[in-house]
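Residue numbers (UniProt numbering), protein chains in the order written: chain A, 1 to 108; chain B, 1 to 108.
Note that the Cβ used here is the ideal one computed from N, Cα and C, for glycine as well.
These numbers come from a predicted model, not from an experiment.
Here the structure is laid out as structure tokens; the discussion comes afterwards.
There are 2 protein chains.
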Amino acid sequence: MSCQHDYSVCDPAIAQLADLFHLLGDPTRLRIVLACVMAPIAVSDIASSLELSSSLVSHHLRLLRAARIVKSERQGKQVFYSAADAHISGVLNDMLEHIAEPSNGNEA
Amino acid sequence: MSCQHDYSVCDPAIAQLADLFHLLGDPTRLRIVLACVMAPIAVSDIASSLELSSSLVSHHLRLLRAARIVKSERQGKQVFYSAADAHISGVLNDMLEHIAEPSNGNEA
DNA sequence: CTAACATGTGAACACCTATTCACTTGTTAG
DNA sequence: CTAACAAGTGAATAGGTGTTCACATGTTAG
């Protein structure tokens, strides 16, 4: 198996990996993900709390759900979205730590 | 301080976070990052091993270095690039685990 | 059934960006 | 100095995509 768990990643895995990062790479979509990671939340609540149209939120949630970044659960008229698994929060935490790190003098 | 280390992320941090993910969201750029994460490597070696033009690799490395995802080190004519810190590999590992996870029946 | 609400979706547009090409800058060797 | 190699850069372009608008679907209440 040439597709192990270290960094010798096979090409299809790279495409999938890039797709996940790409989905998190949009500020609006990232805010939606963060809202879902905190707690299960309905589409309309995401829209109102982030001041976005429900339509836009739905568009983004569709992509996020297709990539299994979030999962959906219906409760009456509303559909609640939440983080798909723990890896997502792990990724977000690592990136936040990366940002919080002091500049190592390798910029500019 | 409203900008703590949990998910109540302030807006400028979200922009920065999204920018990092966006940089990893391109397959070509992600391959370059993976090459750098494995071991310090020169621009020309990245280009030849990934079958890309040196120009394209330089363009991407500029962006990656600006975001402190990679760092550069000159050795003679060549410039070696490597991962900026451990958080990057942590993020990549988490995402790989996310991919490797069995489908939880929430697709399609 | 209808009305009202919540969510999903298709098309269109404006914007962004990855890539290529030509060129410049830097470095070592002679 | 020049020649050859490595890396960086600016402009132009083709393709991708986030957003909006109008509408469709689904669900509950009456």
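Span of the beta strand (DSSP E) holding residue i?
i        : result
Val70(A) : 70-75
Ala83(B) : 78-83
Grab me the residues of residue i's own chain with a C-beta within less than 6 Å of its C-beta, minus the 5 sequence neighbours each way, in chain order.
i        : result
Ala35(B) : Ile41, Ile46
Leu50(A) : Arg31
Gln78(B) : Ala42
Ser55(A) : none
Phe80(B) : Pro40, Ala42, Glu73
Could you spell out the range, first to last residue, of the alpha helix (DSSP H) harbouring residue i?
i         : result
Ala35(B)  : 27-38
Glu101(B) : Looking at the DSSP string, Glu101(B) is not in any alpha helix (DSSP H), and its letter there is neither H nor E.
Ala66(A)  : 54-66
Val43(A)  : 43-50
Under 8 Å between C-beta atoms, does residue i make it to chain A?
i        : result
Ala42(B) : no
Ala47(B) : no
Leu50(B) : no
Leu24(B) : yes
Val9(B)  : yes
Gln75(B) : no
Val91(B) : yes
Leu34(B) : yes
Gln78(B) : no
Leu63(B) : no
Quick check on residue i - is its C-beta less than 8 Å from some C-beta in chain B?
i        : result
Leu96(A) : yes
Leu20(A) : yes
His60(A) : no
Leu30(A) : yes
Leu56(A) : no
Met1(A)  : With a pLDDT of only 47 at Met1(A), under 50, the local geometry of the prediction cannot be trusted, and the value read off the model is given with reservation. No, no contact with chain B.
Could you give the C-beta distance for residue i and residue j, rounded to a whole number, given that I count them as a contact under 8 Å?
i        : j        : result
Ala67(B) : Asp19(B) : 6 Å
His87(A) : Asp94(B) : 5 Å
Leu17(B) : Ile99(A) : 6 Å
Thr28(B) : Leu52(B) : 7 Å
Using C-beta distances below 8 Å, list every residue in its chain close to residue i, excluding the 5 sequence neighbours before and after it, in chain order.
i        : result
Val91(B) : Leu24
Ala15(A) : none
Apart from the five residues just before and just after residue i, which ones in its own chain have a Cβ nearer than 7 Å to its Cβ?
i        : result
Ala83(A) : Cys36, Val37, Val70, Ser89
Val57(A) : Ile32, Val43, Ile46, Ala47
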